[in-house]
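In order, the protein sequence lines correspond to chains A and B. Residue 26 in my numbering sits at position 26 of the first sequence, and the numbers go up by one each step. Residue 122 in my numbering sits at position 122 of the second sequence, and the numbers go up by one each step. Even glycine gets a Cβ: it sits at the ideal position worked out from N, Cα and C. Since the structure comes first, as structure tokens, the remarks are kept for the end.
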Amino acid sequence: MADNAKILGPEAQFKAYLAEGRFMIQRSRSTGRHVFYPRVAVPGSGETDLEWVPASGEGTVYSITVNRTREGSYNIALVDLAEGPRLMSRIEGAETAPIGTRVKARIASIEGEPALVFDVASQA
Amino acid sequence: MTETLRGQAAIVGIATAGAGQAPGRMSIELLGEAAIAALRDAGIPLGEVDGVFAATGVHGLPALSVAEYLGLSPRYIEGTNIGGSSFENHLLQAAAALQAGLCEVALIAYGSNQRTAGGRLVSLSEPQWHETPYRPRHPITGYAMAAARYMYQYGATREDLAAVAVAARKWANRNPEAFARGPLSIEDVLKSRMVSDPLTVADCCLVTDGGAACVLVRADRARDLRRKPIYLLGAGVAASHRSIAQMRDLTVTAAVESGERAFAMAGVGRKDVDLLMLYDAFTINTILFLEDLGYCPKGEGGRFVASGAIDPGGALNVNTNGGGLSCVHPGMYGLFLIVEAVTQLRGQAGERQVEAETALCHGNGGTLASQATAILGTQETL
């Protein structure tokens, strides 16, 4: 019981890492497969040997839209992480970005909560 | 095993209520009106309904609300909500329940007053914590992303998407019950207000009110009722994700699987189907479903619709009521696909009547998340 009280579930643990300024992602020890969003087991195969590893933060825009409202416009993007999983986020510093654009994760504050956003990666 | 369901149940009553605008009428009232009208159409007393199938955008326990409102004591209760495709799923569940003797008269019903209640899509959908910071606008964000990805991968254009809306409007202009009628050109669609790139307001379904219902019984009883029975030949369901970020390939839907299952059960080929009712919540849907159900190769759908193939008189009869884009779309549209298919198969479609013995209804739910396909046919197809 005492131990149980100390264990954060995957969602809370992910958010706790973000609050520390760390973008961490789950990886299955046996299969090497990365998982996002954070879960209690690998989807589809069920391995529970998930450990937290630092994410590279590198990604590619898989798709993107600009939501246009009277109050203004903002983009919503799907980003494929270098590790494999896809997540929803936004591309900052531009109205939109072409599909295929290489992007880099950053932890920003959205409505007072830490959240992942992406910037267009500098052309090296 | 599943082929044993083929032709075992039939739709014997259909109705809609308040489709378009129904000011002053509640969702459950529209549902109730449609249910009563569908039972009268079938010639079956309300009290004989012992299977209730319902999903709405406003009821957490829809089957209970419907049973109570109509004063029913069902022995088979099905309230599964997988979005707009729920009703094609209900057809499959109803056929199975009838076949198993778990009920004798199955009622599938829906109602929504979302147009007059606020004019926006209403949803009970739970927010996804990993999406909410980015303020996606459901459901259009997901469909816009699918359209953008499809255009990127296959070179489709906004004109191709617009061709879907224009074809739907041409059909609607033959349907006096369609909500949006009048001329609509490719240019009109392109110039409409952009809502979520690349989709304009004319690429989006209507927001209407409306109730709909259908009644099923086993085939042996169906033959003795007043309406020409329309048999369920086959049906299949599939789901691929909940959040659009979890959809593996935004250009390929689980309609591939639901379609295969339905065709296998029905024992018919693609070319045997005379009418395709495809859930067109957005213009991209029709293109994806034509491909995923096997009516044109992946990536060719845009050019296919732009060629006039789904216009009235084109190669395929698609969405002859005018679709969710121009006829009716009260939040969840799946039951209206069934009503139009049955109307056509009965030969009651008036100016828009096509020659049809077999029809396919393809429902879609969530953000391309659930797919349910049902193939219907007349006595001649058994």
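The beta-bridge partner set that DSSP reports for A/F118 consists of A/I91, A/A105. Collapsing the DSSP output to three states places A/I110 in a strand. The Cβ of A/V35 sits no closer than 8 angstroms to any Cβ of chain B.
Its Cα nearest to that of A/G46, the residue A/R33 stands out among A/S56, A/G57, A/A55, A/R33.
Against B/R137, the close residues of chain A are N67, in the order they occur along the chain (beta-carbon pairs closer than 7 angstroms). At least one C-beta of chain B is nearer than 8 angstroms to the C-beta of A/A115. The continuous beta strand (DSSP E) containing A/Q26 extends over residues 24–28. Nearest in C-alpha terms to A/Q26, of all of A/E113, A/E83, A/A115, A/G100, is A/E83. In chain order, I140, V201, C204 place their CB closer than 7 angstroms to the CB of B/V195, counting only its own chain and leaving out the 5 sequence neighbours on each side. Annotation: the continuous alpha helix (DSSP H) that includes B/S258 extends over 255–266.
Collapsing the DSSP output to three states places B/A374 in a strand. Pairing B/A212 with B/T16 gives a Cβ-Cβ distance under 8 angstroms.
In terms of Cα proximity to B/L337, the closest of B/E355, B/H362, B/G313, B/R346 is B/H362. Among the residues of chain B, those whose CB is under 7 angstroms from the CB of A/I110 are P133, following chain order. Contact between the stretch 2–12 of chain B and the stretch 174–182 of chain B is not established, with fewer than three Cβ pairs separated by less than 8 angstroms. When rounded, the separation of the alpha-carbon atoms in A/P38 and B/G71 is 45 angstroms. The C-beta distance from B/Y110 to B/M332 rounds to 6 angstroms, short enough to meet the 8 angstroms contact threshold. Within the stretch 76–87 of chain A, the residues whose Cβ lies closer than 7 angstroms to any Cβ of chain B are, in chain order, I76, L78, R86, L87. Taken in chain order, the members of the stretch 191–209 of chain B whose beta-carbon sits within less than 7 angstroms of a beta-carbon on chain A are M194, V195, S196, D197. Counting C-beta pairs closer than 8 angstroms gives fewer than three between the stretch 32–44 of chain B and the stretch 236–252 of chain B, which falls short of the contact rule.
Of all C-beta pairs linking the stretch 60–78 of chain B to the stretch 314–323 of chain B, fewer than three are shorter than 8 angstroms, placing the two stretches out of contact. Of the residues B/V215, B/L30, B/L368, the one whose Cα lies closest to the Cα of B/Q114 is B/L30. If you check each beta-carbon in the stretch 11–22 of chain A against every beta-carbon of chain B, the ones closer than 8 angstroms belong to E11. The beta strand (DSSP E) runs lying completely inside the stretch 102–163 of chain B and spanning 3 residues or more are 106–112, given in chain order. The residues L233, G234, I375, in chain order, have a CB closer than 6 angstroms to that of B/A266 in the same chain once the five nearest residues on each side in sequence are set aside.
Sequence-distant partners of B/E355 (beyond 5 residues in either direction) whose C-beta falls short of 8 angstroms from its own C-beta, in its chain, are D274. In this structure, DSSP gives B/T4 a helical state, which the three-state scheme calls helix. Contacts with chain A at 8 angstroms (Cβ-Cβ) do not include B/M332.
The beta-carbon of A/R106 is placed no less than 8 angstroms from the nearest beta-carbon of chain B. Rounded to the nearest whole angstrom, the CA to CA distance from A/Y62 to A/A77 is 8 angstroms.
Counting every other CB atom within 10 Å of its CB across the protein chains shown gives A/S56 a total below 16, marking it as exposed.
Out of B/A147, B/E131, B/M277, the CA that lies nearest to the CA of B/W171 is found in B/M277.
Excluding sequence positions up to five before and after B/A167, its CB lies within less than 6 angstroms of the CB of I310, D311, all in the same chain and listed in chain order. The beta carbon of B/A148 sits closer than 8 angstroms to those of D197, P198, all from its chain and outside the five residues before and after it, given in chain order. The Cβ atoms of A/F36 and A/P85 lie closer than 8 angstroms to each other. Counting along the chain, the unbroken beta strand (DSSP E) around B/R218 starts and ends at 209–218.
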